[in-house]
Amino acid sequence: MNKLRHLLAAIVAGALIATLAFLYDKTQAVDLRVRNDIAALLDTLRDIDARWDIDVLRERSELDPNLLAAPDRTATARKALASLGAIAPQADSAALREGLAELSKAVLEKAVLVEKHKSESASTKIALQAALSAAAALGGQAGAPHSGDPRQRGLEQAARELAAAALQYYWLGRTAAPVNLAVAAGAVRELAAGEPEREQANAIEGAVQALLKHKPAEQELYAKVAALSSGPRLDKMSFSFNRELEATMQEKELFRVYLLAYAAALLIGVGYLGVRLKAANESLEQRVIERTRELSEALRHLKESEAQLIQSEKMSSLGQMVAGVAHEINTPLAYVQNSLSIVDDRLPQINATIMDCERLLALLGAGKVDPDALNRQYSRTTALLGRLKQRRVLTELTGLVKDGLFGTGEMAEIVGNLKDFSRLDRSKVTSFNLNDGLASSLGLARHMLRSINVSRRFGEIPEIVCAPSQINQVFLNLITNAAQALAPTNGEITLTSRADGEGVAVEIADNGKGIDPEILPKIFDPFFTTKEAGKGTGLGLSISYKIVKQHGGRIDVASEVGKSTRFTVWLPLKPPAETEPLV
Numbered sequence: 027m028n029k030l031r032h033l034l035a036a037i038v039a040g041a042l043i044a045t046l047a048f049l050y051d052k053t054q055a056v057d058l059r060v061r062n063d064i065a066a067l068l069d070t071l072r073d074i075d076a077r078w079d080i081d082v083l084r085e086r087s088e089l090d091p092n093l094l095a096a097p098d099r100t101a102t103a104r105k106a107l108a109s110l111g112a113i114a115p116q117a118d119s120a121a122l123r124e125g126l127a128e129l130s131k132a133v134l135e136k137a138v139l140v141e142k143h144k145s146e147s148a149s150t151k152i153a154l155q156a157a158l159s160a161a162a163a164l165g166g167q168a169g170a171p172h173s174g175d176p177r178q179r180g181l182e183q184a185a186r187e188l189a190a191a192a193l194q195y196y197w198l199g200r201t202a203a204p205v206n207l208a209v210a211a212g213a214v215r216e217l218a219a220g221e222p223e224r225e226q227a228n229a230i231e232g233a234v235q236a237l238l239k240h241k242p243a244e245q246e247l248y249a250k251v252a253a254l255s256s257g258p259r260l261d262k263m264s265f266s267f268n269r270e271l272e273a274t275m276q277e278k279e280l281f282r283v284y285l286l287a288y289a290a291a292l293l294i295g296v297g298y299l300g301v302r303l304k305a306a307n308e309s310l311e312q313r314v315i316e317r318t319r320e321l322s323e324a325l326r327h328l329k330e331s332e333a334q335l336i337q338s339e340k341m342s343s344l345g346q347m348v349a350g351v352a353h354e355i356n357t358p359l360a361y362v363q364n365s366l367s368i369v370d371d372r373l374p375q376i377n378a379t380i381m382d383c384e385r386l387l388a389l390l391g392a393g394k395v396d397p398d399a400l401n402r403q404y405s406r407t408t409a410l411l412g413r414l415k416q417r418r419v420l421t422e423l424t425g426l427v428k429d430g431l432f433g434t435g436e437m438a439e440i441v442g443n444l445k446d447f448s449r450l451d452r453s454k455v456t457s458f459n460l461n462d463g464l465a466s467s468l469g470l471a472r473h474m475l476r477s478i479n480v481s482r483r484f485g486e487i488p489e490i491v492c493a494p495s496q497i498n499q500v501f502l503n504l505i506t507n508a509a510q511a512l513a514p515t516n517g518e519i520t521l522t523s524r525a526d527g528e529g530v531a532v533e534i535a536d537n538g539k540g541i542d543p544e545i546l547p548k549i550f551d552p553f554f555t556t557k558e559a560g561k562g563t564g565l566g567l568s569i570s571y572k573i574v575k576q577h578g579g580r581i582d583v584a585s586e587v588g589k590s591t592r593f594t595v596w597l598p599l600k601p602p603a604e605t606e607p608l609v
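With the sequence shown counted from 1, adding 26 to any position gets you the working numbering.
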C-alpha cells in the first residue's frame, strides 16, 4: 500500500513538474534579434525593388547613352536573399517558409529583366544617336554647297524626315509606324549620290535596323518588369511576418498569466502540504528538518523575486527608452511627411506639362501637320514650361527632397543609436570601446538632454572585454539619474573617459543638487529611492552596481550637496576568469 502511495505521489509530482516546465518553456522570450534582421532584409529588398522601377523609368526617359548608368543592385538583392534564406529557419515563420522560394524567384527574375532592359535601352539609345548624327551630317552635306540642286534639297528633306521618324519611333515605339522609319531610310539611300553621302546613308541604314531591332525588345522587357509582382509579395510577406510576431507575443503573454496562476496554485499546495507535515511531525529532528526546508524555500523564492524585479527594472528602462526614441522620431518624420505632401501637390503640374510636350512631339513627328494646331500646341507647351520655371517647381522639389532625406537621415541616426545600444545579444561578451557606449547612450537619452549642456571629454582608451549591452545599461542609468538631478536651467553633464592602470575609467558628473551624506551609503541598496512613489523602483543603481561588480570593476560616487555629483566606473581590460556578466 505504501509503495502504491509513493508511486502515485511520484506520478503526481512528475505531472506537476512537467506542467511547470511546459509553461516555463512557453514563456521563453522571443529572439527579436533574428526577427529584426529579417524585417531589415525585407525592407532592403523592398527598397531595391522600388529603385529598380525608378531605374527603368529613368532609362526610358533619358536619351543620352553616356549619362551615368543606374547602379547594379542585383548583387545587393542576391546578398539580401541569401542572408534571408540563411536566418529564416531561426525565426520559425510559416510566412517565410511558404513564400520565400517564390519571392526569391520573383526578385531574381526581376533582376535579370532589369539588367536586360538596361542593355537593350543602351543599344536603343546608341542606335538613335547614330541615326540622328548621320542624318544631321547628311543634311549638312546636302544643303551647304548645292542649295539650288533639287536632288540635294530632296536629300536634305529626307534626312530631316528620317530624324523625325526615328525620334517618333523611339518615343512611341510600337504605337508609331515602323514602316515610316524604313521608308525614310530608303528615301535617303536612293537620293544619296556621292561617296560621302552613300557612307552616311549606309550608317543610317545600320542605325535604323538596330533601332527597329532593339526598341521592341526594350518595350517588351519594360512590360515584363512592370508586370512582375515582387513589390506586393514583399509587402504581403512583411505584413504576415509582423502578424506572426504579434500573435507569438500575445501567446507568450497569455502563457505568462497561466504560469503565474499555476505557480500560485503550486505555492498554495506546497504551503498546505507543509502545514500538514508540520502537524504530523512530533519529533524535534523532524521539526528542524521542516524549518530548514522552509528556509531554503524562502531563499529560493527570494532569489526568484529578485530576478523578477531585475527583469522588471530592465523592462521599465526599455519602456522609457522606447518612449524617448518615439518622441525623437516624430520630429524628422514631420520633415518627410511635409515634403511628400508638397511633392504630391506639384506632381500633377509636372505631369500635365510632360503630356503637352508629348503631344507637341507627336505633332512634330506627324507627316502632315495643321500649322494652326501646331502653333496652338507649341504656345500651350511653352506657357506650361514658363509657368514651371516661374514658379521654380523643380528647385522647390529639390529642396523638398533634401528636407525628406534630412528627415530620414535623422531617423536612421536614431535607429542606429538604438541598435548600437542593444548590441543584439544582451549576454554576449566581446571587445568594446566604452566611448562608443557613451555616445550611443547619449543618443538614446537625447530627449532628456535638450536643455542640458553635455560636455564630452573622451580620451584615447583601449577596448575592454565585456557585455556591451549591460555596460550601456549602466551608462544610460547614470546619465538619466544625472539629468533628473539637474535644475531646469544651467544644467551641465560632463562625460570623461581615460585609461587607468589595467583598466578604463569613466566619469559621469553633473552640477545638480547633490546627494545628502546621510543617504549616500544607501544609494546602491536594492529598493532604495528618493523619487516619488510610482516614479522609481530603487533598482537602477543596484543593478548597475551588480553589473560592474560582475565584470570585475568598481563604481564610486562623490557628491557635494547643492553643487555636484560624480560617479566613476572603473572596468578592467579583461574581467577575471571566475566572474561572468549578468544574463
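Note that CB positions come from ideal geometry on N, CA and C, so glycine has one too.
Phe458 to Val491, Cα distance in whole Å? As a first step, residue 458 is located in the sequence shown; it is residue number 432 there, counting from the start. As a first step, residue 491 is located in the sequence shown; it is residue number 465 there, counting from the start. Distance between the alpha carbons of Phe458 and Val491: 6 Å.
Three Cβ pairs or more, each shorter than 8 Å: is that satisfied between the stretch 207–216 and the stretch 137–145? no
Among Tyr195, Arg317, Val138 and Ala227, nearest to Leu181 - alpha-carbon criterion: Mapped onto the sequence shown, residue 181 falls at position 155. The option with the nearest alpha carbon to Leu181 is Ala227.
Do Ile487 and Gly463 come within 8 Å of each other at the CB atom, strictly closer than that value? Here residue 463 corresponds to residue number 437 of the sequence shown, with the count starting at 1. Here residue 487 corresponds to residue number 461 of the sequence shown, with the count starting at 1. Contact: no.
Between the stretch 101–109 and the stretch 120–136, do three or more beta carbon pairs fall short of 8 Å? yes
Beta-carbon separation of Gln403 and Arg418 under 8 Å? In the sequence shown, residue 403 corresponds to position 377, counting from 1. In the sequence shown, residue 418 corresponds to position 392, counting from 1. For Gln403 and Arg418, no; Cβs fall outside 8 Å.
Sequence-distant residues of the same chain with beta carbon closer than 8 Å to Ile541, five excluded per side: By one-based count along the sequence shown, residue 541 stands at place 515. Cβ neighbours of Ile541 beyond the five flanking positions: Ile549, Val583, Ser585, Val587 and Thr591.
Starting from Thr506 and walking both ways along the alpha helix (DSSP H), at which residues does that stretch end? In the sequence shown, residue 506 corresponds to position 480, counting from 1. Looking at the DSSP string, the run of the alpha helix (DSSP H) that includes Thr506 is Pro494 to Gln510.
Whole angstroms are fine: how far does the CA of Arg413 sit from the CA of Thr379? Here residue 379 refers to the residue found at position 353 of the sequence shown. Here residue 413 refers to the residue found at position 387 of the sequence shown. About 10 Å.
From Glu223 to Leu107, what does the alpha carbon distance come to, in whole angstroms? Locating residue 223 in the sequence shown gives position 197, where the first residue counts as 1. Locating residue 107 in the sequence shown gives position 81, where the first residue counts as 1. C-alpha separation (whole angstroms): 55 Å.
Mapping the DSSP letters down to three states, classify Arg413 as helix, strand or coil. For this step, residue 413 is matched to residue 387 along the sequence shown. Helix, per DSSP.
Candidates Lys241, Leu293, Leu164 and Arg61: which alpha carbon is nearest Val214's? As a working note, residue 214 is residue 188 in the sequence shown. Per the Cα distances, Leu164.
For Ile490, which residues does DSSP report across the bridge? On the sequence shown, position 464 is the one that residue 490 refers to. In DSSP, Ile490 forms a bridge with Phe458.
Pull the bridge partners of Pro598 from the DSSP assignment, please. As a working mapping, residue 598 is identified with position 572 in the sequence shown. DSSP, once it has assigned bridges, lists Gly529 as partnering Pro598.
Tell me whether the beta-carbon of Gly111 lies closer than 8 Å to the beta-carbon of Leu126. As a first step, residue 111 is located in the sequence shown; it is residue number 85 there, counting from the start. As a first step, residue 126 is located in the sequence shown; it is residue number 100 there, counting from the start. Cβ distance < 8 Å, so Gly111 and Leu126 count as in contact.
Would you identify the three-state DSSP class for Gly463, choosing helix, strand or coil? As a position in the sequence shown, residue 463 is number 437, starting the count at 1. Of the three classes helix, strand and coil, the one that applies to Gly463 here is helix, per DSSP.
Inter-residue Cα distance where the pair is Glu311 and Gly40: Residue mapping note: residue 311 aligns to position 285 of the sequence shown, counting from 1. Residue mapping note: residue 40 aligns to position 14 of the sequence shown, counting from 1. Between Glu311 and Gly40, the C-alpha separation is close to 28 Å.
Rounded separation between Pro514 and Arg476 - CA only: Numbered from its first residue, the sequence shown carries residue 514 at position 488. Numbered from its first residue, the sequence shown carries residue 476 at position 450. If you take the alpha carbons of Pro514 and Arg476, they lie about 11 Å apart.
Quick one: is Leu30 buried, meaning 16 or more other Cβ sit within 10 Å of its Cβ, or exposed? By 1-based counting over the sequence shown, the position of residue 30 is 4. Leu30 is exposed by the Cβ-count criterion.
Simplified DSSP state of Pro517, which is helix, strand or coil: For the purposes of this step, residue 517 is taken as residue 491 along the sequence shown, with counting starting at 1. Going by the sequence as given, residue 517 is Gly instead of Pro. Note: Gly517 maps to strand in three-state DSSP.
DSSP three-state assignment for Ala559, whether helix, strand or coil: Position 533 of the sequence shown holds residue 559. The pLDDT assigned to Ala559 is 48, lower than 50, so where the model puts this residue is not dependable, and the model offers no usable value.
Helix, strand or coil for Asp536 per DSSP? Position 510 of the sequence shown, counted from the first residue, corresponds to residue 536. The answer is strand: DSSP assigns Asp536 an E or B state.
With distances taken Cα to Cα, identify the nearest neighbour of Val234 among Thr274, Ala190, Ala153 and Arg259. Translated into positions along the sequence shown, residue 234 becomes position 208. The shortest C-alpha separation from Val234 is found at Ala153.
Considering just the uninterrupted stretch of the alpha helix (DSSP H) at Ile569, what are its terminal residues? Looking up residue 569 in the sequence shown gives position 543. Here the alpha helix (DSSP H) through Ile569 covers Gly566 to Gln576.
With DSSP collapsed to three states, give me the class of Ala392. One-based indexing of the sequence shown puts residue 392 at position 366. If DSSP states are grouped into helix, strand and coil, Ala392 belongs with coil.
Let me know the secondary structure DSSP gives Ile545 once reduced to three states. The sequence position of residue 545 within the sequence shown is 519, counting from 1. Coil.
Strictly by DSSP, which residues pair up with Thr591? To locate residue 591, count along the sequence shown from 1; it is residue 565. Bridge partners of Thr591: Asp536 and Ser585.
Paired residues, beta bridge with Asn401 - DSSP: Translated into the one-based positions of the sequence shown, residue 401 becomes position 375. None, per the DSSP bridge assignment.
State the Cα-Cα distance for the pair Arg186 and Leu411, rounded to the nearest angstrom. Within the sequence shown, numbered from 1, the residue matching residue 186 stands at position 160. Within the sequence shown, numbered from 1, the residue matching residue 411 stands at position 385. Going from the Cα of Arg186 to the Cα of Leu411 covers about 26 Å.
Going by other Cβ atoms of all chains shown within 10 Å of its Cβ, with 16 needed for buried, is Ala168 buried or exposed? Counting from one through the sequence shown, the residue named residue 168 turns up at place 142. Because the pLDDT of Ala168 is 49, which lies under 50, any placement of that residue in the model is unreliable, and the question is left without a value.
Which of the three DSSP states, helix, strand or coil, is assigned to Val38? Taking the sequence shown and counting its residues from 1, the one referred to as residue 38 is at position 12. DSSP places Val38 in helix when its eight states are reduced to three.
Tell me which residues share the same chain as Gly485 and place their Cβ nearer than 6 Å to its Cβ, disregarding the 5 neighbours each side in the sequence. Taking the sequence shown and counting its residues from 1, one reaches residue 485 at position 459. Ser523 and Arg524.
Going by Cα to Cα distance, which pick from Ile368, Asp75, Arg269 and Lys539 is closest to Ala252? Looking up residue 252 in the sequence shown gives position 226. The shortest Cα separation from Ala252 among Ile368, Asp75, Arg269 and Lys539 belongs to Asp75.
Please report how far the alpha carbon of Leu49 lies from the alpha carbon of Arg326, in whole angstroms. Looking up residue 49 in the sequence shown gives position 23. Looking up residue 326 in the sequence shown gives position 300. Near 19 Å, if we compare the C-alpha coordinates of Arg326 and Leu49.
What would DSSP say about Arg482, mapped onto helix, strand or coil? Here residue 482 is taken as the residue at index 456 of the sequence shown, counted from 1. Arg482: strand per DSSP, three-state reduction.
Specify, as a first and last residue, the run of the alpha helix (DSSP H) that Leu107 falls within. Position 81 of the sequence shown holds residue 107. Unbroken alpha helix (DSSP H) run through Leu107: Thr100 to Ala117.
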